[in-house]
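In the numbering used here, the protein residues as written are 311 to 470. Contents: one structure, followed by commentary.
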Ligand SMILES: [Cu+2]
């Protein structure tokens, strides 16, 4: 199965399970709600770059400070000897994705909100942070390869 398809199918299943409120979070571009929730951004809008190193068991950062509404370019370099991911999503989305990755541990990603980074590789994600304080509180970055987030490969965002 194509990975983006697997993710989309899972997202649809979650949306159905949890009701319409979460269905368009981060996906309905242009609406006031989308601006509040945030989502994948455009590189041209990014005025700040945050560099992240993936190490054997964690990232070099546990918390990243952001301004409401800003677009940030995240540049992730894998300094370890094993494959990692860097994904930005709501906490509940990470948890659901982790459950799926237990079944499909070799899944690789190259999407707007998640990248797989092989040892020595560098990849990027551009994220437009929302203006809603609670949406930011729910957002986390993580590696969802089985066991990694649990060992410490995850972090949170905080208002600057
Ligand atoms: Cu990892």
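The beta-carbon is built from N, C-alpha and C at its ideal position, and this holds for glycine as well.
Start-to-end residues for the alpha helix (DSSP H) that takes in residue i
i           : result
residue 418 : It is not in any alpha helix (DSSP H) - residue 418 carries neither H nor E in the DSSP assignment.
residue 342 : 342-347
Limits of the beta strand (DSSP E) - the one that residue i falls within
i           : result
residue 397 : 394-400
residue 377 : Run containing residue 377: none; DSSP gives neither H nor E here.
residue 351 : First-last for residue 351: undefined, no H or E at that position.
Cβ-Cβ separation, residue j to residue i (assumed contact under 8 Å), whole Å
i           : j           : result
residue 408 : residue 370 : About 22 Å separates the two Cβ atoms, so there is no contact after all.
residue 377 : residue 470 : 5 Å
residue 425 : residue 352 : Not a contact, Cβ separation roughly 16 Å.
residue 433 : residue 386 : 6 Å
Status (buried if at least 16 other CB within 10 Å, exposed otherwise) for residue i
i           : result
residue 412 : exposed
residue 414 : exposed
residue 366 : exposed
residue 444 : exposed
residue 460 : exposed
residue 418 : exposed
residue 359 : exposed
residue 392 : exposed
Residue i CB to nearest heavy atom of ligand 2 below 6 Å
i           : result
residue 416 : Ligand 2 is absent from the structure shown, which contains only ligand 1.
| message | Please output, in chain order, the residues near ligand 1 using a CB cut-off of less than 5 Å to any non-hydrogen atom of the ligand. | response | Result: 394, 453, 455, 458, 463.
| task | Pick out the complete beta strand (DSSP E) segments inside the stretch 428-461, 3 residues or longer, and give them in chain order. | result | For the beta strand (DSSP E) assignment, the uninterrupted runs of no fewer than 3 residues enclosed by the stretch 428-461 are, from N- to C-terminal side, 432-439, 449-452.
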